[in-house]
Amino acid sequence: MIVLSAFLALSKNEFIQQKTVESKKINLLIQICDKYPIAFDIIWALSFNQNIQQQLRSNLSFMTKLTHLAKECDNEQICKIIHGILWNLETNHQSHSTLNIDDSTTFDIMISYSHKEKVLCKQIYDELIKSGYRVWIDFDQMHGNIMDAMAKAIERSHTIIICMSEQYRKSNYCRAEAQYAFQMQRKIVPILLQKHYKADGWLLFLIGQLLYADFTKYEFPQAMEMLFKELKAENTHEQHVVSVSPKKDMDTKISSAFVSPQLIDSHNILEWTQEQVQDWLIKHNLVQMSRLLTNYDGRSLIYLHRYIKYGQPEQILNMLQEDSLRRTNQCLSLVELSQFRSLMDQQKRLFQSTISSQETRNSTSNDKNNT
Numbered sequence: 005m006i007v008l009s010a011f012l013a014l015s016k017n018e019f020i021q022q023k024t025v026e027s028k029k030i031n032l033l034i035q036i037c038d039k040y041p042i043a044f045d046i047i048w049a050l051s052f053n054q055n056i057q058q059q060l061r062s063n064l065s066f067m068t069k070l071t072h073l074a075k076e077c078d079n080e081q082i083c084k085i086i087h088g089i090l091w092n093l094e095t096n097h098q099s100h101s102t103l104n105i106d107d108s109t110t111f112d113i114m115i116s117y118s119h120k121e122k123v124l125c126k127q128i129y130d131e132l133i134k135s136g137y138r139v140w141i142d143f144d145q146m147h148g149n150i151m152d153a154m155a156k157a158i159e160r161s162h163t164i165i166i167c168m169s170e171q172y173r174k175s176n177y178c179r180a181e182a183q184y185a186f187q188m189q190r191k192i193v194p195i196l197l198q199k200h201y202k203a204d205g206w207l208l209f210l211i212g213q214l215l216y217a218d219f220t221k222y223e224f225p226q227a228m229e230m231l232f233k234e235l236k237a238e239n240t241h242e243q244h245v246v247s248v249s250p251k252k253d254m255d256t257k258i259s260s261a262f263v264s265p266q267l268i269d270s271h272n273i274l275e276w277t278q279e280q281v282q283d284w285l286i287k288h289n290l291v292q293m294s295r296l297l298t299n300y301d302g303r304s305l306i307y308l309h310r311y312i313k314y315g316q317p318e319q320i321l322n323m324l325q326e327d328s329l330r331r332t333n334q335c336l337s338l339v340e341l342s343q344f345r346s347l348m349d350q351q352k353r354l355f356q357s358t359i360s361s362q363e364t365r366n367s368t369s370n371d372k373n374n375t
């Protein structure tokens, strides 16, 4: 039991997941899950890996067991875990999407958080409500099929606030929420709630270049103003959102701590339109990539780069080859793909350099104003 508890913590690590794939030990966990229910929780953590998903789907007796337990299980905690595994094994979550939702049932914001940060999240929720936002948050542990409830909340929300912490990264519930928000192309606004925490693993994959409000470094009112500023910033997927300038006095205080995307100019890939992406690709002689990425905007470009950089190389290459053949009738050029990765890394460094320069200018300006 001690060994299983230790492996549960390790199972959330992408390297361990890949090693489990290679050793094909998932069947051992399946065999012991009746005797040791903690094995279900381990399987859930592992099932975020696509190769493990395939191994689980190929075990028909286990799939039948999961379906039966989802309906008949009398242990609520195990039932939640079973629903989580089944959610990861579904091949198409788009069927969950409720497109014809009355506006009165939608939310401006959903707060995705670990219950360990409940007190601070309640404060943030109250401030958002005071400012007129419609906010969905789960203050109480949900019952029944929590995955369906989570999906509906995300589908009915325009923006998802992700509350970053180590506990958030370790939570299977939080990972499922964040990844579904990503899949549904919701605007994601990260905030930092744990001091000294730096996003890693799957959370880093999702957050990438996104700016965040730091609630550990700044006083609560100041951090909230930073959050409001990012919430009001135009989103590439929500073109109807109106950008509203924050109060002038607070803007001066936080200018050196938070740089709005509007200040970054064209160096910020997140702002690029489909036309700008095409211009950038062609400018760098990535002609085949430009055909393959016809409908990509800047945010989509960043997501693709993360897939290539952090995904499983062989699987990613196969998927890109299939897409290229289907969409362009050509094999993917490895030369162009390599150049694309290099250029994206250069663009990221340029973006970070621009932010640093902007912060320096703002700091200098503030010093002059204070003298």
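Using the working numbering, you'd call the opening residue of the sequence shown number 5 and step up by one each time.
From the three backbone atoms N, C-alpha and C, an ideal C-beta is built for every residue, glycine too.
- In this structure, L214 places its C-beta atom within 8 Å of the C-beta atom of I192.
- Contact annotation: the region 272-292 does not touch the region 313-327, with fewer than three C-beta pairs closer than 8 Å.
- Excluding five sequence positions before and after Y137, the CB atoms of its chain that fall closer than 6 Å to its own CB belong to D112, I113, given in chain order.
- Annotation: S169 is outside any alpha helix (DSSP H) and is labelled neither H nor E by DSSP.
- Residue environment: Q351 is assigned as buried (16 or more neighbouring CB atoms within 10 Å of its CB, all protein chains considered).
- Annotation: the region 174-228 contains the following complete segments of the alpha helix (DSSP H) (minimum length 4 residues), in chain order: 176-187, 205-211.
- Across the structure, S51 and E26 are spaced so that their CA atoms are roughly 14 Å apart.
- Remark: C-beta atoms of S175 and E121 do not approach each other more closely than 8 Å.
- Counting of Cβ neighbours within 10 angstroms places V139 among the buried residues, the total reaching 16 or more.
- Annotation: the continuous beta strand (DSSP E) that includes D112 extends over 111-116.
- The three-state reading of DSSP puts S161 in strand, counting E and B together.
- Straight-line measurement puts the Cα of P41 at about 10 Å from the Cα of N79.
- Taking all protein chains in view, the Cβ of L285 is crowded by 16 or more other Cβ atoms within 10 Å, so the residue is classified as buried.
- Here I115 is near C167, since their CB atoms are less than 8 Å apart.
- For D130, the enclosing alpha helix (DSSP H) stretches over residues 122-134.
- Between the region 173-187 and the region 123-130, the count of C-beta pairs closer than 8 Å stays below three; the two stretches do not touch.
- Look at the region 299-362 and you find no whole run of beta strand (DSSP E) that is 3 residues long or longer.
- Counting the other CB atoms within 10 Å of its CB gives A10 a total below 16, which places it among the exposed residues.
- Boundaries of the alpha helix (DSSP H) around D283: 278-287.
- CA-CA distance, T110 to S62, rounds to 38 Å.
- Put simply, the backbone Cα of E94 is about 18 Å away from that of C178.
- The Cβ neighbour count for S118, taken over all protein chains shown within 10 Å, is at least 16; the residue is labelled buried.
- In this structure the region 24-38 does not touch the region 70-90; the number of beta carbon pairs closer than 8 Å is below three.
- In the DSSP annotation of this structure, A237 is not part of any alpha helix (DSSP H), being labelled neither H nor E.
- In this structure L70 is in contact with I89, their Cβ atoms being roughly 6 Å apart against a cut-off of 8 Å.
- Where D78 is concerned, there is no enclosing alpha helix (DSSP H), because DSSP gives it neither an H nor an E.
- For the set I211, L12, A180, K221, the Cα lying nearest the Cα of Q198 is the one of K221.
- Under a 10 Å Cβ-count criterion, S294 is classified as buried, with 16 or more other Cβ atoms of the shown protein chains found around its own Cβ.
- Using a 10 angstroms sphere on the CB of D45, the tally of other CB atoms reaches 16 or more, which defines it as buried.
- Unbroken alpha helix (DSSP H) stretches of 4 residues or longer found wholly inside the region 30-65: 30-36, 42-50, 54-61, given in chain order.
- Annotation: the continuous alpha helix (DSSP H) that includes S9 extends over 6-14.
- For W91, DSSP records no beta bridge to any residue.
- Apart from the 5 residues on each side of it in sequence, V281 sits with its Cβ closer than 7 Å to the Cβ of L297, Y300, D301, G302, L305 in its chain, given in chain order.
- Secondary structure note for K23: its alpha helix (DSSP H) is the uninterrupted segment 18-27.
- Within a 10 Å sphere around the beta-carbon of S15 sit 16 or more other beta-carbons, which makes this residue buried.
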